[in-house]
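Peer 1: I am attaching a structure below and will ask some questions about it afterwards.
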Amino acid sequence: MFKVLVIAYYFPPMGLSGVQRILKFVKYFPKNKWIPTILTSGATGYFAHDPELLKEIDANVSIIRVNGNELNAKLSSFGTLKMPSEATRKIINRINQFFNIPDNKVSWTKKALIEARKLLSDEHFDLIFVTAPPFSAFLLGTILKKEFKIPLAIDYRDLWYGYQFSKYLTPYHAYKHKKLEYGVLKAADKIFVTNRRIKENQLENYKFLDSNDIVIIPHGYDPPDFEAAPIIKKKNNKMILTYTGSFYEFITPKYFLKAFALLKKERKDITDNIELHFVGAQTKELRKLSVKYVLEDNVKEFGYLTHIESVAKIKSSDVLWLMVGYGKNSDTISSGKLFEYFGARKPILACLPEGALKSYVVQYGATYLSDPENIQNIKESLMKIYSDYQLGNLPIPEEEFIEKFRRDFLTEQLTKELQFMVKNTL
Numbered sequence: 477m478f479k480v481l482v483i484a485y486y487f488p489p490m491g492l493s494g495v496q497r498i499l500k501f502v503k504y505f506p507k508n509k510w511i512p513t514i515l516t517s518g519a520t521g522y523f524a525h526d527p528e529l530l531k532e533i534d535a536n537v538s539i540i541r542v543n544g545n546e547l548n549a550k551l552s553s554f555g556t557l558k559m560p561s562e563a564t565r566k567i568i569n570r571i572n573q574f575f576n577i578p579d580n581k582v583s584w585t586k587k588a589l590i591e592a593r594k595l596l597s598d599e600h601f602d603l604i605f606v607t608a609p610p611f612s613a614f615l616l617g618t619i620l621k622k623e624f625k626i627p628l629a630i631d632y633r634d635l636w637y638g639y640q641f642s643k644y645l646t647p648y649h650a651y652k653h654k655k656l657e658y659g660v661l662k663a664a665d666k667i668f669v670t671n672r673r674i675k676e677n678q679l680e681n682y683k684f685l686d687s688n689d690i691v692i693i694p695h696g697y698d699p700p701d702f703e704a705a706p707i708i709k710k711k712n713n714k715m716i717l718t719y720t721g722s723f724y725e726f727i728t729p730k731y732f733l734k735a736f737a738l739l740k741k742e743r744k745d746i747t748d749n750i751e752l753h754f755v756g757a758q759t760k761e762l763r764k765l766s767v768k769y770v771l772e773d774n775v776k777e778f779g780y781l782t783h784i785e786s787v788a789k790i791k792s793s794d795v796l797w798l799m800v801g802y803g804k805n806s807d808t809i810s811s812g813k814l815f816e817y818f819g820a821r822k823p824i825l826a827c828l829p830e831g832a833l834k835s836y837v838v839q840y841g842a843t844y845l846s847d848p849e850n851i852q853n854i855k856e857s858l859m860k861i862y863s864d865y866q867l868g869n870l871p872i873p874e875e876e877f878i879e880k881f882r883r884d885f886l887t888e889q890l891t892k893e894l895q896f897m898v899k900n901t902l
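Residue numbers (our numbering): 477 to 902.
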């Protein structure tokens, strides 16, 4: 058996999609001869909590929680927080990005460094595995690698330099982020990313990297989640089109709802037979748009649900919707929800730019593609979907393609790479 120290700030009982990837790796590590110890955050105020997720982890796995001085820790007494408005979120982000490099979790990593040093001094670990964001965790990993001479694997869920939602407010900020990332990549023994576009971006920005340095392990879905999630019985015969997740920046329901409103004006007989379900922590903007376009009878908000409840919703829907608009490096986005959609094996209305997500949905097969901001194009896709639904002719996805994204299979791929890393240091 191999021992791995896993450093992950976002981890259950926190909810939202950011915890799923590392949770499932940890769940399946022991079945692949790896014993994980998790170093993570303590009590935090956060937008969603899902304590049930902790039941997926083997009882023998150690979880070490570190309380820092970051904002989330200071808000811990408030428990689950409301999503701020988009305007407020942007202001908070800009302030954080100006004063905190690389991010506002630096104070947590300083406390976590103390605990990590104790762990690595008291126990033998074969490898350190760090997932980010937050990217300050990568800096923690590089310090530990240099001090303890242990192989370091880093896992990118998103871009660091060039992240879609980062605004480098001065040339110094851009320079500092790139310099820090350069140091981390130099120190890392292996780099894992979620899609080919991120890999290509890294190879372009950091010429010292070789293609073999970077391994693609995509997001996935976990079959036991779908077995545990019940089918929710329909209350009527209307077609249910569901979106899971939050909206922010250029990931917006604006164009979709505008297209649906246009369809309602032209073909009310169609829209009267469609329900639009939204699952996830939302701001008031969705409600405002629903009122603006007079779609209150069609739009149903369910708020944040536990992971199993969310899976039950997508399992019980007729069609699923995915949206990413045009923005900086939007081609590198690898939305975790898409792979849960794959697990549900439902048709997908994909409103996407060129990029990693579009490449995946094309291979999936059961996809209605649309330009993310073309109202007429989205409206026509909705008409086609409803026609196929009425005729019982909705497309069926490629099963062989879906099987590639099982969480147990992806973790097996990951652990093989980790074992090569350990053997190369012997």
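We put the beta carbon where it would ideally sit given N, CA and C, even for glycine.
Hey, out of GLU532, ASP534, LEU499, whose CA is closest to THR516's CA?
Peer 2: Here residue 516 corresponds to residue number 40 of the sequence shown, with the count starting at 1. Cα-wise, what sits closest to THR516 is LEU499.
Peer 1: Can the beta-carbon of LEU752 be found less than 8 angstroms from the beta-carbon of LEU717?
Peer 2: As a working mapping, residue 752 is identified with position 276 in the sequence shown. As a working mapping, residue 717 is identified with position 241 in the sequence shown. Yes, the Cβ-Cβ distance between LEU752 and LEU717 is below 8 angstroms.
Peer 1: For the beta strand (DSSP E) containing GLU846, name the first residue and the last one.
Peer 2: Residue mapping note: residue 846 aligns to position 370 of the sequence shown, counting from 1. Contrary to the premise, residue 846 reads as Ser rather than Glu in this sequence. Where SER846 is concerned, the enclosing beta strand (DSSP E) stretches over 843-846.
Peer 1: Could you tell me the distance, in whole angstroms, from the CA atom of ILE514 to the CA atom of PRO488?
Peer 2: For the purposes of this step, residue 514 is taken as residue 38 along the sequence shown, with counting starting at 1. For the purposes of this step, residue 488 is taken as residue 12 along the sequence shown, with counting starting at 1. Computed Cα separation, rounded: 11 angstroms.
Peer 1: Kindly confirm or deny that the region 820-835 and the region 759-770 touch, where touching means at least three C-beta pairs closer than 8 angstroms.
Peer 2: As far as the Cβ criterion goes, the region 820-835 does not touch the region 759-770, which means the pair count is below three.
Peer 1: Reducing DSSP to helix, strand and coil, say where ALA484 ends up.
Peer 2: Indexing the sequence shown from 1 puts residue 484 at position 8. DSSP places ALA484 in coil when its eight states are reduced to three.
Peer 1: Tell me the rounded alpha-carbon separation between LEU870 and PRO699.
Peer 2: As a first step, residue 870 is located in the sequence shown; it is residue number 394 there, counting from the start. As a first step, residue 699 is located in the sequence shown; it is residue number 223 there, counting from the start. Taking the straight line from one Cα to the other gives about 23 angstroms.
Peer 1: Candidates ALA608, SER538, SER583, TYR865: which alpha carbon is nearest VAL502's?
Peer 2: Counting from one through the sequence shown, the residue named residue 502 turns up at place 26. When each option's Cα is compared against that of VAL502, the closest is SER538.
Peer 1: Going by Cα to Cα distance, which pick from ILE708, ALA757, LEU886 is closest to GLY721?
Peer 2: The count along the sequence shown starts at 1 and reaches residue 721 at position 245. Of ILE708, ALA757, LEU886, the residue nearest in Cα terms is ALA757.
Peer 1: Quick one: measure Cβ to Cβ for LEU798 and SER811, integer angstroms, because I've assumed they're closer than 8 angstroms.
Peer 2: Position 322 of the sequence shown holds residue 798. Position 335 of the sequence shown holds residue 811. Yes, they are in contact, since the Cβ atoms of LEU798 and SER811 sit about 7 angstroms apart, within 8 angstroms.
Peer 1: Is it buried or exposed, PRO647, if we count other Cβ atoms within 10 angstroms and call 16 or more buried?
Peer 2: As a working note, residue 647 is residue 171 in the sequence shown. So PRO647 counts as exposed.
Peer 1: Per the DSSP calculation, VAL606 is bridged to which residue(s)?
Peer 2: Walking along the sequence shown from the start, residue 606 turns up at place 130. According to DSSP, which records beta bridges pairwise, VAL606 is partnered with ILE483, ILE630.
Peer 1: Going residue by residue through the region 480-548, where are the continuous alpha helix (DSSP H) segments of at least 4 residues, counting only ones entirely within it?
Peer 2: With a minimum length of 4 residues, the continuous alpha helix (DSSP H) runs that stay inside the region 480-548 are 496-504.
Peer 1: Kindly identify the DSSP beta-bridge partner or partners of THR720.
Peer 2: Reading the sequence shown from its first residue, position 244 is the one you call residue 720. Bridge partners of THR720: VAL755.
Peer 1: For a quick check, are the C-beta atoms of ILE707 and SER792 less than 8 angstroms apart?
Peer 2: By one-based count along the sequence shown, residue 707 stands at place 231. By one-based count along the sequence shown, residue 792 stands at place 316. Yes. Within cutoff.
Peer 1: Shortest alpha-carbon distance to GLY696 belongs to which of VAL482, SER493, GLY518, LYS675?
Peer 2: Within the sequence shown, the letter at position 220 stands for residue 696. The candidate whose alpha carbon is nearest that of GLY696 is SER493.
Peer 1: Please check the pair PRO610 and ASP579, which I expect to be a contact at CB under 8 angstroms, by giving their CB distance rounded to whole angstroms.
Peer 2: For this step, residue 610 is matched to residue 134 along the sequence shown. For this step, residue 579 is matched to residue 103 along the sequence shown. The pair is a contact, with the Cβ atoms about 5 angstroms apart (cut-off 8 angstroms).
Peer 1: Please state whether the Cβ-Cβ distance between TYR840 and PHE877 is less than 8 angstroms.
Peer 2: As a first step, residue 840 must be located in the sequence shown, where it is residue number 364. As a first step, residue 877 must be located in the sequence shown, where it is residue number 401. Cβ atoms of TYR840 and PHE877: closer than 8 angstroms.
Peer 1: DSSP puts LEU825 in a beta bridge; with which residues?
Peer 2: One-based indexing of the sequence shown puts residue 825 at position 349. DSSP output for LEU825 lists TRP797, TYR844 as bridge partner(s).
Peer 1: Spatial neighbours of ASP634 within its chain, please: C-beta separation below 7 angstroms, excluding the five flanking residues on both sides.
Peer 2: Along the sequence shown, one-based indexing puts residue 634 at 158. So the list reads PRO609, once near-sequence residues are dropped.
Peer 1: Between the region 555-572 and the region 518-532, can you find at least three pairs of beta-carbon atoms closer than 8 angstroms?
Peer 2: Yes, they touch.
Peer 1: List the endpoints of the continuous alpha helix (DSSP H) containing GLY779.
Peer 2: The residue you call residue 779 lines up with position 303 of the sequence shown. Element bounds for GLY779: not the alpha helix (DSSP H) but the beta strand (DSSP E), 775-779.
Peer 1: Nearest by alpha-carbon distance to LEU481: which of ILE540, VAL495, TYR504 is it?
Peer 2: The residue given as residue 481 occupies position 5 in the sequence shown. That would be ILE540, whose Cα lies nearest to the Cα of LEU481.
Peer 1: Hey, would you say ARG593 sits closer than 8 angstroms to TYR724, going by beta carbons?
Peer 2: The residue given as residue 593 occupies position 117 in the sequence shown. The residue given as residue 724 occupies position 248 in the sequence shown. Going by C-beta atoms, ARG593 is not nearer than 8 angstroms to TYR724.
Peer 1: Is the separation between the beta-carbon of MET897 and that of LEU616 shorter than 8 angstroms?
Peer 2: For the purposes of this step, residue 897 is taken as the residue at position 421 of the sequence shown. For the purposes of this step, residue 616 is taken as the residue at position 140 of the sequence shown. Their beta carbons are not under 8 angstroms apart, which means MET897 does not touch LEU616 by this criterion.
Peer 1: Could you check if ALA535 is buried or exposed, using at least 16 other CB atoms within 10 Å of its CB as the buried criterion?
Peer 2: Start at 1 with the first residue of the sequence shown, and residue 535 comes out as number 59. Exposed, since its Cβ has fewer than 16 Cβ neighbours within 10 Å.
Peer 1: Do you know how far the Cα of ILE590 is from the Cα of VAL834?
Peer 2: As a position in the sequence shown, residue 834 is number 358, starting the count at 1. As a position in the sequence shown, residue 590 is number 114, starting the count at 1. This sequence places Lys at residue 834; Val is not what is there. So the alpha carbons of these two residues sit roughly 43 angstroms apart.
Peer 1: Would you check if the distance between the CB atom of ASN774 and the CB atom of GLN640 is smaller than 8 angstroms?
Peer 2: Locating residue 774 in the sequence shown gives position 298, where the first residue counts as 1. Locating residue 640 in the sequence shown gives position 164, where the first residue counts as 1. No, they are not a contact pair.
Peer 1: How many angstroms separate the CA atom of THR808 from the CA atom of GLY638?
Peer 2: Within the sequence shown, residue 808 is the residue found at index 332, counting from 1. Within the sequence shown, residue 638 is the residue found at index 162, counting from 1. Cα-Cα distance, rounded: 10 angstroms.
Peer 1: Out of curiosity, what's the CA-to-CA distance linking HIS653 and LYS675?
Peer 2: Position 177 of the sequence shown holds residue 653. Position 199 of the sequence shown holds residue 675. Cα to Cα, HIS653 sits roughly 18 angstroms from LYS675.
Peer 1: Ordered along the chain, which non-local residues of its own chain (more than five positions away) have a Cβ less than 6 angstroms from that of ASP847?
Peer 2: For the purposes of this step, residue 847 is identified with residue 371 of the sequence shown, where counting begins at 1. Only ASN853 meet the Cβ criterion.
Peer 1: Identify which residue in LYS789, LEU858, ASP794, GLU856 has its Cα closest to the Cα of GLY868.
Peer 2: Here the question's residue 868 lines up with position 392 in the sequence shown. Measuring from the Cα of GLY868, the nearest candidate turns out to be ASP794.
Peer 1: Look up LYS710 in the DSSP assignment and say whether it is helix, strand or coil.
Peer 2: One-based indexing of the sequence shown puts residue 710 at position 234. Reduced to three states, the DSSP call for LYS710 is coil.
Peer 1: Helix, strand or coil, according to DSSP, for LYS587 in the structure here?
Peer 2: The residue you call residue 587 lines up with position 111 of the sequence shown. Three-state DSSP puts LYS587 in a helix.
Peer 1: For the region 557-585, list the alpha helix (DSSP H) runs that are entirely contained and at least 4 residues long, ordered along the chain.
Peer 2: Segments of the alpha helix (DSSP H) lying fully in the region 557-585: 562-575.
Peer 1: Comparing C-alpha positions only, which one of VAL606, PHE574, PHE575 sits nearest to THR585?
Peer 2: Start at 1 with the first residue of the sequence shown, and residue 585 comes out as number 109. Ranking VAL606, PHE574, PHE575 by Cα distance to THR585 puts VAL606 first.
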